[in-house]
Structure formats: C-alpha cells, structure tokens
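Student: Got a structure for you, written out below as structure tokens; questions coming shortly.
Protein chains: 2
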Amino acid sequence: MQSFIPIPRTLMGPGPSDVHPRILTAMAKPTVGHLDPEFIRLMDEIKRLLQTVFQTDNALTLPLSAPGSAGMEASFVNLVEPGDKVIVLQNGVFGGRMAENVERLGGTLVRVESPWGRAIDPAQLEAALKAHPDTKVVAFVHAETSTGVKSDAKTLCAMAQAAGCLTIVDCVTSLVGCEVDVDGWGADAVYSGTQKCLSCAPGLSPFTLSPRAAEVIQSRGTPVKSWFLDMNLIMGYWGEGQTRAYHHTAPVNALYGLHEALLIAVDEGLSASWLRHQRNHEALKAGLEAMGLAFFVPESERLPQLNLVTVPEGVDEAVVRRQLLADFNLEIGAGLGVLAGKVWRIGLMGYASRPENVLLCLSALESVLSASQAPIHRGVAIDAMQAAYSAA
Amino acid sequence: MQSFIPIPRTLMGPGPSDVHPRILTAMAKPTVGHLDPEFIRLMDEIKRLLQTVFQTDNALTLPLSAPGSAGMEASFVNLVEPGDKVIVLQNGVFGGRMAENVERLGGTLVRVESPWGRAIDPAQLEAALKAHPDTKVVAFVHAETSTGVKSDAKTLCAMAQAAGCLTIVDCVTSLVGCEVDVDGWGADAVYSGTQKCLSCAPGLSPFTLSPRAAEVIQSRGTPVKSWFLDMNLIMGYWGEGQTRAYHHTAPVNALYGLHEALLIAVDEGLSASWLRHQRNHEALKAGLEAMGLAFFVPESERLPQLNLVTVPEGVDEAVVRRQLLADFNLEIGAGLGVLAGKVWRIGLMGYASRPENVLLCLSALESVLSASQAPIHRGVAIDAMQAAYSAA
C-alpha cells in the first residue's frame, strides 16, 4: 500500500462540496495542544464567527466534534427525555432520521408527513399542534438534502413557539447558502455541517442552542443518554475564558479548517453569499431547462445550492454519473430514498458555486447525455446560461 | 479576525502528540466525495491497516468519525442494554467515564476500584466475577492516560472470557506505543484515538469488534440508543464492496491523515515501534532520575509513551508548564482528576518519541526548574540519557 493521492474532482453533489484551497492549507498547519492558550483563542474566534453566520447571540454556539448527524443526535438526546412528545415534520430522508432519533430515545413521536419534493405545509403543523397540545418539541429540516427543498423556517418556528414548544431545525445544507436566521426565527436548537456551503472538509457540526433550550437541558429529570454529546459537559469545555473543563480532545486541525471557512464566509458577507448562490442557480437552471431537463421541485420551494433534476425517460442515471466522473472528474449526486434512480442532485455549494462550475456541469451533461442518445436539445444551454448571468 | 497561524510547538503532553509532516500534507489533499470509488478503495485500505495495528482479523474494524470518547461511547451504547450488569475496573479518570457510560445507559454498574497510579489487580476482577456471576460485560482501560499505567489486558480478558463475559478495552493511549493484541487477548470491543501514538490529528477513533460482539449487537432486544453510533448502521456503510449504505458523510480529509499515519506505523513495524517507545522512555527516565525527579508509577506498570513525574515539593507545576511553553514552545501535560497539581504527564508518543525530544525535554526542564530554585541535580541529566541510549 502507498500514500493516497486522490484524483482531483469537481464536487457538485449534495456534499462534500469542493473545499477552498485556503481551507486545505489551514488544515495542514502544525497541530497545537487542545488546551494551548493559542488554541483557546482560536476556539473563541470560532464561536464568534459561528454566531455571525447563524445570525444569533446564543452564547452556546460551537462546533461539535463529529459530522452533522451528530448535530442532529445532540439536539434530540439533550432536549428529549423518555415520554416527551415530539412532532417531526418530515418531507425527506433527514426528517425520517429525526423521527428515528425520537423513537430511540423513548420519546413519543408524532410524525407529520409532507410529500417528498415539497415544502412542509404550515397548516399541517397547525393541525398537529391542535391535536397534540402536550407537545414539547417541534422538529424539521430547513433544507432537505434528499429533495432540494427549502421550508419556511420562520413561520414554522413562530407557530411552534406560540404553542409553547421548543424547535429543532436542521440547517445542514442551508447555512451560508441561503438565509439562516436563528434569532429572527426564534429557533432553539440548530445544527449544520461543514461540508456543504461552508466548503470545508466534512467532520464537524456547527451547533447553537437558545438560552431557553439550555435551561431545559440544565433542568432535565434524567441524565442525557450520551456522555459524548451531553451539552452540560460540552458547555464546560467550550465555555468562556481559561477555566475550561477537559471533556474530549478537540479535532484541532479540522477546527483550523473551520475557522478559515468561517473567515471566508464572513469576509464575503452573508447576503453576498446568498445572492451568489441564487445567481449561479438561475444560470444552471436556464441552461438545464434550455436542454429540456426539468426541475423536480416547484420553483418557489427550491434550494439554490441543491438542484434536483428529473432523469429523462429511458436514461440510466447511474451510467451518466459514472461517465461524468470518468470523462470529466465531475461528481453529481444520485437520488436518495424513494427518489433513487429518478433524480440527480446537483450541488452549487459554497466554493463550488461558481460560473466555471455551472459551465462545466452544463457542458459535461450535454456531452454525456448526447453520447447516450438522450432526448435533449443540443447547443443551446451555454447561451441560456449566459443570458441568465447577463440578466442578473 | 485573521487566518490562524499556530505557533509551532513540540507536543509532549498526553496527546495530541506531534503530527508527522507526512500526515499534515496528506490531510491537505483535495477532498473527494465520500462515495467516490477512489475513496471506497481508501476505506478498504484503512480497514486492513487497522487490522494490522490492532493485531486482529475482526471484519468489523474501522475508524469512527469522532474522537476516542465516541469510541468509548460506541462500545457501551452498542453492547449494554438497560439492566445489563457491567463490571468496570477503574484505576483513573477514563475508567470513571466508562462507569458513567454504563449508568447513563441504564446498565447495572459494578465498580471495582484500584488505586490511581497502579495497574488493575486481576484478583479484584476474580472476586467481582465470583460475586456477580450474571455479569455481561467487563470493561477496563489498558493504558490509563490519566496515570500513565498499563494493565495486564491479556490476563483480564482471559478471566472475563472464562466467566462468559464480553470485554470492552480502552486502548486510546496504548495502540502502536506498546503491544495491543486484540485477537491474542480475545477482547471483544476495543477502541483507540488517532492523536496519541499514531501521531495523527485528533478527531477519529479506531474501533474493532469481535464476531461474538457483533452477534450480540445484531440480536439486541432494544434499539441502540444512539443513531450516530449504532454499529448495525455503521456496518452497512463500512461493509465490503460497492453496496455501501449511506450513513453519514465520512470525514474525508481526516481519513487521508489516518491512512498515512497507519502506513507510517506499518512501515516501521509494530515491534520496532514498541522498542523505540521503550528506548526513548528509558533515556528520559535516566535523565529525569539523574536530576532527582521521581516517577509516580511502579516501574513494571509504566507506559513507555506516557511518563508521570512527581512534582517536587514547593514547585508550582502550572508555572513550570507555562514557562516551558513560553521559553521553549514545549508542551507537557498537567495531572488530571485527583492528580491535578501533583504530577506532570510527559508524553513520548509516536512521531514525538525521538531522541531530540528526550534531549529537549530534559534540557528545558533543567533550565526552568533551575531558574525557579527547585531542588534538582544540575548538569547530569544529559550524560545519564546518553548512557541509557548507549546501553540499549
């Protein structure tokens, strides 16, 4: 066996997205101790930068030392005690995982399903809250990575809060790619991942808890089932100043990378980043539609950073993806769950959301689909893309 | 805020240890997708390399996507169901965490304590097994990071197995630094960390499960309380071939680093690595003892990779550590738990276990202790170190 030399790819799937070269360089800097004063300064900066991108003043804002799925688990394992009633609004794979978390923890699950590929319908939440006035937590996914759908987090959080419920909101794919406004929404537990619109390597989960949620955790009747994710302990490690209580060894080099990713995001500015994601999405859309390809999600519910495209009749979607990878080192994503075989997931996330990638994706798709005799319009996608950029 | 430029340190604490430059370089390679065929090949190689360093044929040998504490939690959350009786042999901080895991999961805890700074006494396990014939799991720490003590894993595992119990063994600090022989011991769940003798960045937990343990997990009566650490799901992702079920997004760049670290360890050879750790330990010991400093742990129970040194009377240990860091960029560790203020923990782990570091540590300690009027013998440590190397 030899040292691993990865083939350079362009990552336009549902994540990981292309990692910015500045971030790769940051991760290779010499490791320092996790209790080193220099590192503690870094931790403080990361907390402040995360507050900025989450748009929150929550003191409990920090990266968990594990991927986004651990952020989901941390939310549920800390807020849900056995017997607690939890409404999970599900419109894709990741809402399903939320439901599984509730069941494993002995919570009482109220599952409210919306169609895959559609936003969550606030009327359904209203009905569920009325039917279950003893609900403690309402949980949903802001940006469903399995369907490319954005739900109206502001409205859903407001309804939950009016009913006296806590909210858990999955922002794995939304953070930095479209508006996430934790304090504006009044959300209580929000988590994300590093490998989507932050363009950082996968492995960490940015996480934030409202003071209300922190209070609920501190006054639990039963111990948190997880030692590793017990926020009572993690708070002691990520708390203020030099009096940190050792909990676990922080993933030092991964945090170098996250710090750099957050600097890049904050330097660009959140609104500028959302606008960039929207513009590149419009250009991709124009090109794909000119080719004759259709989007799976209604326009007003689409995530600009994750485009679900219906696979044309008679085309083997896996063959197309393999060809894109083999011929052009371009990765796009497959459908997940019930959408397997039916859609592609094309990500334009963070550093990968650039005109040169839109161009590459349109040209490569046209090349591969043409070669496989798929019924597409040829020679028109680039003009359509160009027109969309000019109109923007 | 600006990009973080760490001050280069020499890491001779209890971990993280100095990361090998080859590993830093590996982590900065371009990220590929976690379902990329190239990455799946890397995962297969990592599994094989981990089997080599763990000395096991266990098919279920893989790195968990979180630090060593998650490895501990994965062991307990998968093997312990509510009401299961677990004997925890505790002789330091990390045995205490094991006990906490059992309690949080609703297991019935039998805690057997040995003095801090001493190996676990097999006679105590014998008595506990006799008193509790309905025990399901015996858990202990092979190399206690809080005390620098090595326990006799082979004997303890054999006794547990004879009583029909499963074993959970913490090898966070031992792996690659001294013998870990999973199949020879007959251990059932063994976990480690990347930031000790593998000299890799912190953040992952090498993990292995015996077929017997896997069977117990597959036939559980209750679901695993953790979705993120449920081995039934993780097995599906790290299983053989191209039919992997997506579970979470693997920490791609961290795994590049682990692959490189494992290559370095296997290229050196396990016996050669253990011998190197032992020789550098002997040289450090000779120098420290010549200075008049004393070891905290009886000679036969010491870990060569983690040296607990008693702080001399009248010396403020924290001042000394701060001075070592300020003057020489040298990090050594403080005492943990009941040993806080009483000992230093000096690591010679992996890439950090080198004669130049032994020399640096002895010289720097002599410089700082002399300046603070500590009662040490001066000008003799280097000769003693040199003599030890010559005798080896």
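Residue numbers (the numbering used here), protein chains in the order written: chain G, 1 to 392; chain C, 393 to 784.
All C-beta atoms, glycine included, are put in the ideal place defined by N, C-alpha and C.
#1: Using 8 Å as the Cβ pair cut-off and three pairs as the minimum, do the stretch 365-383 of chain G and the stretch 16-34 of chain G touch?
#2: Determine, for C:Phe-688, whether the minimum Cβ-Cβ distance to residues of chain G falls below 8 Å.
#3: Where does C:Arg-401 sit, in a helix, a strand or coil, going by DSSP?
#4: Using the beta-carbon count (16 or more within 10 Å), is G:Ala-28 buried or exposed?
#5: Anyone know if the C-beta pair for G:Leu-324 and G:Asn-280 falls short of 8 Å?
#6: Can you pull out the residues from the stretch 586-601 of chain C whose beta carbon lies closer than 7 Å to at least one beta carbon of chain G?
#7: Where does C:Tyr-583 sit, in a helix, a strand or coil, going by DSSP?
#8: Along the chain, which unbroken stretches of the alpha helix (DSSP H) at least 4 residues long are found entirely within the stretch 67-113 of chain G?
#9: Hey, quick one: how far does the beta strand (DSSP E) through C:Gly-679 stretch, first residue to last?
#10: Check the Cβ of G:Lys-47 against every Cβ in chain C and list those closer than 9 Å, keeping chain order.
#11: Just grab the DSSP bridge partners of G:Phe-411 for me.
#12: Can you tell me where the alpha helix (DSSP H) holding G:Glu-38 begins and where it ends?
#13: Hey, does G:Asp-121 have any beta-carbon neighbour from chain C nearer than 8 Å?
#14: In angstroms, rounded to a whole number, what distance separates the CA positions of C:Ser-461 and G:Ser-210?
#15: Taking a Cβ distance cut-off of 8 Å, strictly less, list which residues of the stretch 546-563 of chain C are near chain G, in chain order.
#16: Should G:Arg-48 go down as buried or exposed, given a rule of 16 or more other Cβ atoms within 10 Å for buried?
#17: Determine the direct distance from the alpha carbon of G:Tyr-351 to that of G:Glu-268, and round the result to whole angstroms.
#18: What are the residues of the stretch 395-409 of chain C that lie near chain G, defined by any Cβ-Cβ distance shorter than 8 Å?
#19: Just how far apart, CA to CA, sit C:Asn-470 and C:Ser-457?
#20: Any beta-carbon of chain G closer than 8 Å to the one on C:Val-446?
#21: Nearest to C:Leu-548 by alpha carbon, out of C:Ala-523, C:Gly-540, C:Gly-576 and C:Thr-539?
#22: To which residues does DSSP link G:Phe-207 through a beta bridge?
#23: Any idea what DSSP makes of C:Gly-729, helix, strand or coil?
#24: Between C:Arg-336 and C:Gly-725, is the Cβ-Cβ spacing less than 8 Å?
#25: Compute the Euclidean distance between the alpha carbons of C:Val-658 and C:Pro-413, then round it to the nearest angstrom.
#26: Touch check for the stretch 301-319 of chain G and the stretch 172-181 of chain G: three-plus C-beta pairs under 8 Å?
#27: Please identify the residue among G:Thr-52, G:Val-319, G:Trp-227 and G:Ser-3 whose C-alpha is closest to the C-alpha of G:Ala-374.
#28: Just to make sure I have the definition right: I need the residues of chain G whose C-beta is within less than 9 Å of the C-beta of C:Leu-416. Which are they?
#29: Let me see if you follow: with CB-CB separation under 8 Å, is G:Phe-140 close to chain C or not?
#30: Between G:Gly-92, G:Leu-89, G:Leu-109 and G:Thr-56, which has its C-alpha nearest G:Glu-81's C-alpha?
#31: Please name the residue, chosen from C:Ser-395, C:Gly-595 and C:Asp-410, that lies closest to C:Leu-722 on a Cα-to-Cα basis.
#32: Can you tell me whether G:Cys-178 is helix, strand or coil according to DSSP?
#33: If we cut at 8 Å on Cβ distances, does C:Glu-652 have a partner in chain G?
#34: May I have a chain-ordered list of the beta strand (DSSP E) segments no shorter than 3 residues that lie completely inside the stretch 693-749 of chain C?
#35: Along chain B, which residues have their Cβ under 8 Å away from the Cβ of C:Glu-492?
#36: Under three-state DSSP, which class holds G:Lys-154?
Tutor: This is what the structure gives:
#1: Touching, no, given that fewer than three Cβ pairs across the two stretches are closer than 8 Å.
#2: Answer no: the Cβ-Cβ gap between C:Phe-688 and chain G never drops below 8 Å.
#3: Coil at C:Arg-401, not helix or strand.
#4: For G:Ala-28, the number of other beta carbons within 10 angstroms of its own is at least 16, and it is reported as buried.
#5: No, Cβ-Cβ distance for G:Leu-324 and G:Asn-280 is not below 8 Å.
#6: Answer in chain order: Gln-587, Ala-593, Pro-594 and Gly-595.
#7: C:Tyr-583: strand per DSSP, three-state reduction.
#8: With a minimum length of 4 residues, the continuous alpha helix (DSSP H) runs that stay inside the stretch 67-113 of chain G are 68-79 and 93-104.
#9: Looking at the DSSP string, C:Gly-679 is not in any beta strand (DSSP E); the run it does join, the alpha helix (DSSP H), is 662-683.
#10: The contacting residues do not exist; G:Lys-47 stays about 12 Å from chain C at best.
#11: An answer regarding residue 411 of chain G cannot be provided, because it is not within the stretch 1 to 392 covered by chain G.
#12: Where G:Glu-38 is concerned, the enclosing alpha helix (DSSP H) starts and stops at 37-54.
#13: With a threshold of 8 Å between beta carbons, G:Asp-121 makes no contact with chain C.
#14: About 26 Å.
#15: Answer set for the stretch 546-563 of chain C: empty.
#16: Result: exposed.
#17: Each residue's Cα considered, the two are about 11 Å apart.
#18: Residues passing the 8 Å Cβ filter: Ser-395, Phe-396, Ile-397, Pro-398, Ile-399, Pro-400, Arg-401, Leu-403, Gly-405, Gly-407 and Pro-408.
#19: Approximately 16 Å between the Cα atoms of the pair.
#20: Residue identity differs from the one stated: residue 446 of chain C is Phe in this sequence, not Val. The beta carbon of C:Phe-446 sits no closer than 8 Å to any beta carbon of chain G.
#21: The shortest Cα separation from C:Leu-548 among C:Ala-523, C:Gly-540, C:Gly-576 and C:Thr-539 belongs to C:Gly-576.
#22: Paired residue(s): G:Leu-62 and G:Tyr-191.
#23: C:Gly-729: helix per DSSP, three-state reduction.
#24: Lying outside 393 to 784, the shown extent of chain C, residue 336 of chain C is not represented and no answer is given.
#25: The alpha-carbon of C:Val-658 is positioned some 17 Å away from that of C:Pro-413.
#26: Flag = yes, the stretch 301-319 of chain G and the stretch 172-181 of chain G touch.
#27: Out of G:Thr-52, G:Val-319, G:Trp-227 and G:Ser-3, G:Val-319 has the C-alpha closest to the C-alpha of G:Ala-374.
#28: Within chain G, the residues near C:Leu-416 are Met-27, Ala-28, Lys-29, Pro-30, Thr-31 and Asn-253.
#29: Residue-level contact check: G:Phe-140 does not touch chain C, since none of the beta carbons of chain C fall below 8 Å from its beta carbon.
#30: When G:Gly-92, G:Leu-89, G:Leu-109 and G:Thr-56 are compared, the shortest CA-CA separation from G:Glu-81 is found for G:Leu-109.
#31: Looking at the Cα atoms, C:Asp-410 is the closest of the given residues.
#32: Three-state DSSP puts G:Cys-178 in a strand.
#33: Closer than 8 Å: yes.
#34: Taking only runs of at least 3 residues, the beta strand (DSSP E) segments lying wholly in the stretch 693-749 of chain C are 698-702, 722-726 and 735-739.
#35: As a matter of chain content, chain B is missing from the structure shown, whose protein chains are G and C.
#36: Reduced to three states, the DSSP call for G:Lys-154 is helix.
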